[in-house]
Structures are given as C-alpha cells and as structure tokens.
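Protein chains: 2
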Amino acid sequence: MKIVIDAMGGDNAPREIIKGALEALKIRKGFTLLFTGDEAVISKELSLYSYDKSRVEVKHASEIITNNEAPTTAVRAKRDSSLVVGLKALKEDEDAGAFISAGSTGAVLTGGIMYIGRISGVKRPALCPAVPNVHGGITLLCDAGANADCKPEYLAQFAIMATAYGKAAYRMDNPKVGLLNNGTEDHKGDIMHQEVFALLKETEGINFVGNVEGRDLMYGDSDIVVADGFSGNVALKSAEGCGKTVGAILKQEFSKAKMRYLIARKQIGKVKQILDYSRLGGAIFLGLKKTVVKAHGSSKANTITAAVLQAVDAVEGRTVERIIEMLPDSIQE
Amino acid sequence: MKIVIDAMGGDNAPREIIKGALEALKIRKGFTLLFTGDEAVISKELSLYSYDKSRVEVKHASEIITNNEAPTTAVRAKRDSSLVVGLKALKEDEDAGAFISAGSTGAVLTGGIMYIGRISGVKRPALCPAVPNVHGGITLLCDAGANADCKPEYLAQFAIMATAYGKAAYRMDNPKVGLLNNGTEDHKGDIMHQEVFALLKETEGINFVGNVEGRDLMYGDSDIVVADGFSGNVALKSAEGCGKTVGAILKQEFSKAKMRYLIARKQIGKVKQILDYSRLGGAIFLGLKKTVVKAHGSSKANTITAAVLQAVDAVEGRTVERIIEMLPDSIQE
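Protein chains in written order, with the working numbering: chain A, 1 to 333; chain B, 334 to 666.
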C-alpha cells in the first residue's frame with residue numbers, strides 16, 4: 001500500500017515533510033511512500049537521509065498551490081501542482097491508499113472532492129480531527145470546519161462516517177456519539193440542532209448518547225462529537241486558545257523562576273504533551289472514495305510521521321469500505 | 334443605590350450568597366443590599382456576621398424556583414419566589430440599580446424580560462460574561478447563550494450593547510469588537526455570519542476589527558467577541574473544558590510528586606488564578622431596562638462578592654443609559 005505525500009505543502013515544506021515521512025518508514029512496515037513536488041528539490045532532501053529506497057518514489061510536479069490563492073481556482077488552474085498531481089496519483093494508482101498534505105486547507109478539501117470524489121450517497125465530506133482529552137485519549141470531532149452551512153442530514157452522515165473511522169483507525173468499540181449543542185438537555189439547541197437530535201436518535205448503526213456541550217470535547221466521555229462545521233470549528237479553536245493561553249502563562253511565570261521549572265518540568269511537560277495536537281497527525285477528510293489527510297500548515301516532522309501512520313491505520317482499518325457499508329441504503333444515491 | 338440579591342438561588346444558597354454579598358459592603362461604599370427570600374432563614378444567616386445594618390434590607394419571599402422547573406412556567410406561577418420578588422423590587426424601587434441571582438439561568442432570563450422588560454428597540458437581550466484572557470485581562474463575550482437562533486441584526490445590537498457595557502463597567506476605551514467566525518478572512522462564515530460581517534462594518538459607534546476565531550476568545554486582541562448565542566456558548570464551554578482538562582492533568586501529575594508541587598505551586602497557582610472565572614463575578618444580561626446579573630449556579634462567596642461589585646460598576650458606569658444612547662435611532666421602536 002502506498003501513501004502519497006504532497007512534499008511541497010505547508011510552512012516547513014519540503015524539509016520537515018520528507019524527514020517526517022521517512023521516519024514513519026522505520027516505525028511501520030507494509031507501505032511505501034510517493035512524494036509529489038519538484039523532483040530536484042525532493043531528491044536533494046532525500047539525499048540527506050538513509051532509508052529503504054525500495055519504499056520511496058517521487059513524482060515530479062512543477063507548481064505549488066499557496067495559502068494565498070483561491071482554492072477552487074488554484075486546484076483547477078494548477079494541474080501540475082504537487083497537490084493536484086498527488087490527488088491524481090491517489091485516484092489513478094490502485095496501490096495508493098491515502099494522500100497527505102500540509103498545504104492550503106481549502107485547496108485540499110476542494111481538490112479532494114474534485115479529483116477523488118465523494119462516496120456515492122455522501123452529501124458532504126467532513127473534516128474529522130482527533131482532539132486530546134482529559135482521559136489521555138482522543139475524541140473525534142466531525143465536522144471541524146469543512147461545512148459552515150449544514151443541514152440536519154449532513155450531521156447524521158458525519159456521525160456515521162466518524163463512527164466508521166473511529167472503529168477503523170482507533171479500534172473504538174461501539175463509540176459513543178454526542179451532538180455538540182448549547183446544553184445537555186434533549187430539547188436544547190437552535191432549530192437546526194433540535195432537528196439533528198431527533199434524526200440522530202433514529203440513525204441506525206451509531207451509538208448516540210445525546211447532546212454534549214463544548215466542555216465535553218476535551219473533558220467529557222463521548223468518543224465522537226458531531227457538529228456542524230461552523231460550531232465544530234469554534235469548539236476546536238476555542239479549546240486550542242485556552243491551551244495556548246495556559247502555555248503562555250506557564251512560560252511567563254516559570255521564566256522568572258527557572259530553578260522551579262527544572263524541578264517541575266516533568267509534570268508540566270505532561271500537560272504540554274497531552275494538549276499537543278501535533279503528535280496526533282492531521283485531520284482526516286471523511287466521505288471521499290479514498291483517504292485524504294490534511295496536516296496542519298505548521299506541521300513539523302513529528303506531525304508528518306504521525307499523519308503517515310494515521311493514514312496507514314485508516315486504510316488498513318478499511319475506513320472507506322466501512323463508511324460505504326454503514327451508509328443506510330435509503331441515503332445511497 | 335441598591336443591589337437586589339436573590340438569596341435563595343444557586344447550589345450554595347443562602348449561606349455563600351449572603352456571606353459573599355456582605356463581604357462586598359466592606360470593599361465598596363455607596364450602595365446597599367436588598368436580599369429576597371425566606372426572611373427567617375436570611376435573618377439567621379445574617380446573624381452570623383457583623384456588618385453595617387443600615388446597608389442591608391430583607392424582603393420576604395416564600396417560594397424558590399429550582400433548576401428542574403420549566404423557566405417560563407415557573408416565573409409565571411411562582412410570584413412569591415425569591416427570584417420574582419427580587420425582579421419586582423428592581424423594577425419598582427427607584428433606588429434599586431441591579432439584581433443578582435445564582436439561580437436557574439432560564440428563569441433569570443425569562444423573568445428579566447418579563448418583569449424588567451427590554452430597552453425600547455432592543456430585539457434580543459444577551460448574556461455577556463467576562464472571559465479571562467492571555468493578557469491577564471478580560472474579553473467580553475456577547476451573546477454567550479441567551480439566544481440559540483439569531484438573525485444578523487441581533488448580533489449588531491449585541492456589539493453595541495457589549496461596547497456600551499465595556500465602556501461603562503470595564504472602562505474600555507473604544508473597545509475592539511471581533512465577530513466569532515470559522516476563520517479570520519472577511520469572506521468566512523456561514524451565510525448568516527457573512528451577513529453579520531457586512532452589517533457590523535456599517536454599524537456606527539462600534540470599533541469593528543473583523544472576524545476572529547475561537548482561539549481569539551482567550552488568546553487574541555479583541556476586547557469584545559460578538560457571537561450568536563449558539564456558537565458563543567460552544568466557544569465559552571470549549572475553552573472551559575480545556576481549562577478543566579489542564580487542571581485535572583496538573584492535579585494528577587503533581588499528586589504523584591507533592592514536593593515538586595510545593596516548589597512550583599506559586600507559578601501553577603497563577604495559571605489557576607488567571608483561568609478562574611469565579612473571580613470575575615457573573616454574566617450580565619444586557620438589553621433590559623435595569624441591570625441583571627446571572628451568577629454561576631455553583632457560585633461561592635467570592636464569586637458573589639465579585640458579582641456585587643460588578644453590578645455596582647455596571648450601574649455607576651451607566652450601562653443601561655449608554656446602551657440607550659448608542660442604539661441607532663433607526664432601530665429604536
């Protein structure tokens with residue numbers, strides 16, 4: 001099985017992308033890498049490391065899509081970009097299981113739908129990152145921002161897709177699904193979320209446990225939090241902002257007390273480690289015919305390593321096939 | 334000026350409510366307290382403390398509204414509840430400036446609208462808590478959950494009301510107003526928030542700085558974050574969940590290393606202190622003809638003390654009058 005990687009996407013490309021992906025080869029067997037991007041640049045980077053050359057390919061792409069470009073225009077116009085060449089390789093190469101990019105989120109989403117295509121019956125693909133939680137594990141959040149305007153039936157599909165992914169890649173057994181709402185009582189929410197609540201209660205194949213609040217994303221018991229892409233994005237970033245604030249205060253306080261920091265750093269490091277999203281890889285884009293993972297633009301090597309292993313897990317766990325199996329016949333086209 | 338206090342509302346009523354309110358008398362001059370609730374119970378509690386008796390009154394109310402009651406039904410039926418008696422005292426007593434309750438949020442909101450009434454021209458009153466931020470100050474969030482279903486014009490009014498309140502109670506000078514959205518670019522958001530963005534750009538009297546993300550609530554530069562009540566609630570609680578998670582991890586890690594905790598506790602305490610919402614009082618309910626403050630149900634004495642001082646600041650700063658002055662003529666009824 002082959003993992004295709006956009007070697008040119010992200011703030012630290014290509015160096016950290018290539019370094020991180022090669023590291024994944026050492027950790028797991030059973031897959032190969034295909035880098036897309038400027039062949040000369042990639043070859044030069046690859047020459048810095050020793051690795052199993054039988055597990056690495058390069059496919060040349062002369063262009064790069066930046067964050068400053070309008071996604072739809074860019075993925076249409078730049079056919080020879082590392083992103084589009086990568087997505088095409090994923091689509092056309094039977095052995096290719098997943099594509100990873102740390103490039104423009106909009107371009108990855110638009111390009112994924114355009115070149116890989118939605119699974120038949122899926123109304124809206126959705127971003128599904130893993131969020132660290134108080135139990136030391138992860139909570140899946142779906143949708144974290146791909147769809148700002150949602151209809152109730154989209155969220156029912158997000159619940160199904162995230163359940164399939166949780167089982168496939170995180171070996172969750174009958175994962176608990178909560179609906180992100182403005183209170184835990186059954187009647188809570190705006191009109192849309194009240195409709196979603198009723199729909200999720202009737203959706204087969206998911207373990208719906210009712211409404212959850214923002215605090216439950218990190219401090220709750222659900223395995224999966226289903227959200228419209230707008231409030232899912234707000235939840236993710238609000239938690240992130242609090243984490244950053246804590247980090248900044250700790251840094252400021254201990255900068256005035258360095259000896260104390262040395263004594264307590266193991267315990268404080270544990271907080272940083274648990275809150276550190278980067279160890280969790282990227283956000284999978286669920287609902288496409290093949291696996292696409294969007295890594296954070298600021299990803300360093302360790303995040304890319306995690307994203308590669310995450311993509312391997314998603315493919316080996318048969319995420320796409322499970323989604324197809326779980327989608328109710330009624331909503332298949 | 335008189336601050337009316339629901340002595341029976343909240344998990345720790347009446348003891349912590351009365352204790353906290355009396356404490357505020359020691360800190361500030363220029364106001365008196367009126368407690369509503371069971372006179373015998375309140376008198377017994379009051380007898381535990383020494384305080385300036387010329388600054389404290391009690392008004393008997395035989396009933397209590399609980400969290401388990403439907404708010405609208407409860408505030409209509411229980412006319413002799415500590416909450417309704419308090420709201421009526423606020424309305425009828427010319428000297429009364431504000432009402433504080435740690436009771437049922439729904440009942441405070443419904444009762445506030447029913448007995449105090451909206452300012453002429455205000456479409457929807459909104460909850461506006463102060464959220465601790467990375468700078469060691471506060472960010473006002475409006476609406477934090479009073480209105481799940483919003484229209485763009487409601488949010489324009491939230492921006493105006495929060496600006497008036499920031500100037501009045503927190504002495505903010507031309508406070509920066511951000512719109513909570515799923516990205517910072519101008520075009521971001523669902524259809525509703527795109528309309529809000531356009532409307533805020535044209536709203537006079539506010540210093541609109543554009544879209545902000547969830548992370549900016551605590552880790553940004555806006556003084557005010559305007560939100561629909563649904564995603565505002567999600568933002569507040571998601572940040573809170575991350576804060577609780579950090580607290581739980583620190584507690585767990587340092588419970589295994591107590592000596593290290595003793596050495597680092599000053600620095601760690603600073604994080605807890607900054608994140609501690611309770612020191613900030615309650616959430617003001619903006620848009621009513623007089624000031625109503627909803628304190629958290631779990632409020633202890635220190636939160637009630639803060640809420641009393643916050644209410645005094647809001648009244649002395651002329652929050653209601655400033656809102657009336659700022660509301661554009663066009664939207665006055």
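Where is the CB? At the ideal position from N, CA and C, for every residue including glycine.
All of these numbers come straight from a predicted model, not from anything done at the bench.
Output yes if chain A places a C-beta closer than 9 Å to the C-beta of residue i; else output no.
i: B:Lys500; result: no
i: B:Gly516; result: yes
i: B:Cys575; result: yes
i: B:Lys509; result: no
i: B:Leu569; result: yes
i: B:Pro587; result: A quick correction: the sequence has Phe, not Pro, at residue 587 of chain B. Answer yes: the Cβ-Cβ gap between B:Phe587 and chain A drops below 9 Å somewhere.
i: B:Asp519; result: no
i: B:Val604; result: yes
i: B:Gly478; result: yes
i: B:Ile596; result: yes
i: B:Ile601; result: yes
Does the Cβ-Cβ distance between residue i and residue j come in under 9 Å?
i: A:Leu275; j: A:Leu217; result: no
i: A:Ile100; j: A:Ile3; result: yes
i: B:Val579; j: A:Val234; result: no
i: A:Lys289; j: A:Lys88; result: no
i: B:Thr624; j: B:Gly342; result: no
i: A:Lys59; j: A:Thr36; result: yes
i: A:Ser104; j: B:Ser564; result: no
i: B:Cys575; j: A:Cys242; result: yes
i: A:Ala248; j: A:Ile284; result: no
Between residue i and the rest of its own chain, which residues show a CB-CB distance below 6 Å, the 5 nearest in sequence each way excluded?
i: B:Arg457; result: Asn480 and Tyr487
i: A:Thr305; result: Gly20, Glu23 and Ala24
i: B:Gly650; result: Ala501 and Ala502
i: A:Ile49; result: Looking at the sequence itself, residue 49 of chain A is Tyr, so the reference to Ile does not match. Closer than 6 Å at Cβ, skipping near neighbours: Leu22.
i: B:Ser631; result: Asp344
i: A:Ala307; result: Ile100, Gly281, Gly282, Val293 and Ala295
Which of helix, strand or coil does DSSP assign to residue i?
i: A:Pro129; result: coil
i: B:Ser663; result: Only weak support is given to the placement of B:Ser663: the predicted model assigns it a pLDDT of 46, under 50, and the value that follows is read from those uncertain coordinates. It is helical.
i: A:Lys294; result: strand
i: B:Phe432; result: strand
i: B:Glu425; result: helix
i: B:Ser588; result: helix
i: A:Gly269; result: helix
i: A:Phe35; result: strand
i: A:Gly189; result: coil
i: A:Leu180; result: strand
i: A:Gly210; result: strand
i: A:Ala239; result: helix
i: A:Thr163; result: helix
i: B:Val408; result: helix
i: A:Asp313; result: helix
i: A:Val134; result: coil
i: B:Glu535; result: helix
Can residue i be considered in contact with the ligand ATP, in the sense that its beta carbon sits closer than 8 Å to one or more heavy atoms?
i: A:Leu33; result: Among the components modelled here there is no ligand, and therefore nothing to report on the ligand ATP.
Take residue i and list the residues in its own chain whose beta-carbon comes closer than 8 Å to its own, dropping the five residues that flank it on each side.
i: B:Ala590; result: none
i: A:Leu140; result: Cys128, Pro129, Ala130, Val131, Ala162, Tyr165, Gly166, Tyr170, Pro175, Asp223, Ile224 and Val225
i: B:Arg409; result: Met447
Would residue i pass as an interface residue toward chain B - the criterion being a Cβ-Cβ separation below 9 Å?
i: A:His193; result: yes
i: A:Leu275; result: yes
i: A:Val246; result: yes
i: A:Asn12; result: no
i: A:Ile323; result: no
i: A:Tyr154; result: no
i: A:Ala239; result: yes
i: A:Gly189; result: yes
i: A:Lys88; result: no
i: A:Pro132; result: yes
i: A:Arg260; result: yes
i: A:Ile17; result: no
So, for residue i: in the same chain, excluding its five sequence neighbours on each side, which residues have a beta-carbon less than 7 Å away from its beta-carbon?
i: A:Lys78; result: Glu63, Ile65 and Val84
i: B:Tyr594; result: Phe587
i: A:Leu250; result: Ile268
Name the two residues that bound the continuous beta strand (DSSP E) containing residue i.
i: B:Lys392; result: Val389 to His393
i: A:Ala146; result: Per DSSP, A:Ala146 belongs to no beta strand (DSSP E) and is neither H nor E.
i: A:Ile3; result: Lys2 to Asp6
How would you write the range of the alpha helix (DSSP H) that residue i sits in, first residue to last?
i: B:Val455; result: Run containing B:Val455: none; DSSP gives neither H nor E here.
i: A:Ile116; result: Per DSSP, A:Ile116 belongs to no alpha helix (DSSP H) and is neither H nor E.
i: A:Ala24; result: Arg15 to Ile27
ask   = Going along the segment 197-231 of chain A in order, which residues come within less than 9 Å of chain E, judged by CB to CB distance?
value = The structure shown contains no chain E; its protein chains are A and B.
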